[in-house]
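In the working numbering, the protein residues as written are 1 to 166. For each residue, glycine too, the CB sits at the ideal point set by N, CA and C. Keep in mind it's a predicted model, so treat the numbers as computed, not measured. Single-structure report; data block below.
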Amino acid sequence: PGAPSISGISPNTAVVGVATGPLTISGTALGTATVTIDGVPVTPTSNTATSIVLPTQTFSTSGTKTVQVTTAGGSTTSTISVDNPAPVLSGFTPNNATAGAAQLTLTVTGLGFIASSVVKWNGTALTTTFVSATQLTASVPAGNVTAAGTANVTVTNVTDATDSNA
């Protein structure tokens, strides 16, 4: 067989931390191909002469990911673009606390949260638990609520240092 060729990958874009796929590679001479994404082998769920279906992928970093298809006849590459949009903070509970109160757990809601998202209180990272792409919880130490005032709460996606609105 001749060298493989890639005519497209669908979908060809993804978002960090969001399951994407299955990915379908279209082309020619693909039937016996092996596949890597950024050098890491991926086992196809099906191969035919004109398409390869890869399982759903979840990317942990943004950027252009190189998809390489290799057969005995040669290899070829294409790319997938992975974006890490800034998270969007839509609210949190509780939205007030009594000065001098004990440690509290803040539940933050919004969009675009990933496993490495961190809630910040006046710019200082809090111990954060990823619940979903739309929810995080964070532990606010008692020392952060010793006096009356307003705190600036944001979310940062650490892998790319993208920050939410406050």
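Own chain, CB closer than 6 Å to Asn47, minus 5 neighbours either side, in chain order: The residue you call residue 47 lines up with position 47 of the sequence shown. Correct list, in chain order: Gly31.
Inter-residue Cα distance where the pair is Asn12 and Thr154: Indexing the sequence shown from 1 puts residue 12 at position 12. Indexing the sequence shown from 1 puts residue 154 at position 154. Distance between the alpha carbons of Asn12 and Thr154 is about 30 Å.
Burial state of Ala148 (16 or more Cβ within 10 Å): Taking the sequence shown and counting its residues from 1, the one referred to as residue 148 is at position 148. Classification of Ala148: exposed, given that the 10 Å Cβ count is below 16.
Pairwise C-alpha distance: Ala72 and Val40: Here residue 40 refers to the residue found at position 40 when the sequence shown is read from its first residue. Here residue 72 refers to the residue found at position 72 when the sequence shown is read from its first residue. Each residue's alpha carbon lies about 19 Å from the other.
Cβ contact (3+ pairs, closer than 8 Å) linking the segment 48-59 and the segment 14-24: yes
Assigned exposure category for Gly74 - 16 Cβ within 10 Å defines buried: Taking the first residue of the sequence shown as 1, we reach residue 74 at position 74. Result: exposed.
DSSP three-state assignment for Asn157, whether helix, strand or coil: Indexing the sequence shown from 1 puts residue 157 at position 157. Of the three classes helix, strand and coil, the one that applies to Asn157 here is strand, per DSSP.
Start and end residues, beta strand (DSSP E) containing Ile114: Along the sequence shown, one-based indexing puts residue 114 at 114. Neither: Ile114 is in no beta strand (DSSP E) and is coded neither H nor E.
The ligand FAD heavy atom lying under 7 Å from the CB of Gln68: Absence of the ligand FAD from the depicted structure is noted, as is the absence of any ligand whatsoever, leaving it without description.
Thr127 and Ala142 closer than 8 Å at C-beta: Taking the sequence shown and counting its residues from 1, one reaches residue 127 at position 127. Taking the sequence shown and counting its residues from 1, one reaches residue 142 at position 142. It is not a contact, given that the beta carbons lie outside the stated cut-off.
Pro41 - containing beta strand (DSSP E), residue span: Sequence index remark: in the sequence shown, residue 41 carries index 41 (1-based). Where Pro41 is concerned, the enclosing beta strand (DSSP E) stretches over 40-42.
Meets three-Cβ-pair contact criterion under 8 Å: the segment 108-117 and the segment 85-94: yes
Expected contact under 8 Å - CB spacing of Val16 and Val82 to nearest Å: Here the question's residue 16 lines up with position 16 in the sequence shown. Here the question's residue 82 lines up with position 82 in the sequence shown. Contact holds; Cβ gap of about 6 Å.
Test item: CB-CB of Val42 and Val69 under 8 Å: Residue mapping note: residue 42 aligns to position 42 of the sequence shown, counting from 1. Residue mapping note: residue 69 aligns to position 69 of the sequence shown, counting from 1. No, they are not a contact pair.
Complete beta strand (DSSP E) runs within the segment 107-146 (minimum length 3 residues, chain order): 117-121, 127-132, 135-140
8 Å contact criterion, which Ala86 and Asp163 should meet: CB distance rounded: Working through the sequence shown from its first residue, we reach residue 86 at position 86. Working through the sequence shown from its first residue, we reach residue 163 at position 163. Right, the Cβ-Cβ distance comes to about 6 Å (below 8 Å), so this counts as a contact.
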